[in-house]
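Peer 1: In our numbering, the protein residues as written are 41 to 164.
For each residue, glycine too, the CB sits at the ideal point set by N, CA and C.
The structure presented is a predicted model; accordingly, all values stated were derived computationally and were not measured.
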Amino acid sequence: MLSVKIDEVNGIAVLEPDGALSEDDFRTAVKEIDPFIERTGKLKGIIIHTKSFPGWDSFAALVSHFEFVKEHHKKISCVALCTDSVVGIFAETIASHFINAEIKLFSYDEFEDAKNWVANETDE
């Protein structure tokens, strides 16, 4: 399951996976995030907050993940990865070559720092 919360004041979506990601998780994310983008034109950023990387429950879920990124990366300025997983280091390095958003890695416990970074990064 993927919890998706929108901080409308700061223009931030917080994604917190609990278990392997499914196709439905990405449909849920789209249903939450897209209306906000339609109203405001853009999302300042996404914070992915997870202690460890949960993986995907199927190949179809992986494809849904890539489709989500492809459809949204130009409408999002920043991605903060709040995780203690080594996958975060890999994601920060590799993803920066494929998406427009700036990516920064934080430890799982640095959620408030990540939120402040996303909220203030595009204000400069």
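1. Could you work out which residue in LYS110, LEU61 and GLU48 is closest to LEU83 when comparing CA atoms only?
2. Count the C-beta pairs between the segment 139-149 and the segment 118-127 that are closer than 8 Å, then say yes if the count reaches three, no if not.
3. Under 8 Å by Cβ, that's how I've got PHE66 and PHE108 pegged, so tell me the actual separation to the nearest angstrom.
4. Which whole-angstrom value is the C-beta distance of LYS155 and ILE87, which I expect to be below 8 Å?
5. Out of CYS118, VAL119, LYS115 and HIS89, which has the shortest C-alpha to C-alpha gap to GLY59?
6. Between which two residues does the beta strand (DSSP E) harbouring ALA120 extend?
7. Measure the Cβ-Cβ separation of LEU61 and HIS105 and say whether it is below 8 Å.
8. Nearest-angstrom Cα distance between ALA159 and VAL54?
9. Rank GLU161, VAL70 and ASP64 by C-alpha distance to the C-alpha of LYS45 and give the top, closest one.
10. Report the rounded CA-to-CA distance for PRO57 versus PHE99, giving the unit in angstroms.
11. Please determine whether the Cβ atom of ALA101 lies at a distance below 7 Å from any heavy atom of the ligand ADP.
Peer 2: Result, derived from the coordinates:
1. Of the listed residues, the one whose Cα sits closest to LEU83 is GLU48.
2. When C-beta atoms of the segment 139-149 are compared with those of the segment 118-127, three or more pairs fall below 8 Å, so the two segments count as touching.
3. With a beta-carbon spacing of about 5 Å, PHE66 and PHE108 fall inside the 8 Å limit used to define contacts.
4. Going by Cβ atoms, the distance from LYS155 to ILE87 rounds to 6 Å, so yes, they are a contact pair.
5. Shortest Cα-Cα distance from GLY59 to any of CYS118, VAL119, LYS115 and HIS89 involves HIS89.
6. Here the beta strand (DSSP E) through ALA120 covers 116-122.
7. Yes, the pair counts as a contact, with Cβ atoms nearer than the cut-off.
8. Spanning the two alpha carbons is a distance of roughly 12 Å.
9. Residue VAL70 holds the alpha-carbon nearest to the alpha-carbon of LYS45 among GLU161, VAL70 and ASP64.
10. Computed Cα separation, rounded: 17 Å.
11. In the structure shown, the ligand ADP is absent, as is every other ligand, since no ligand is present at all.
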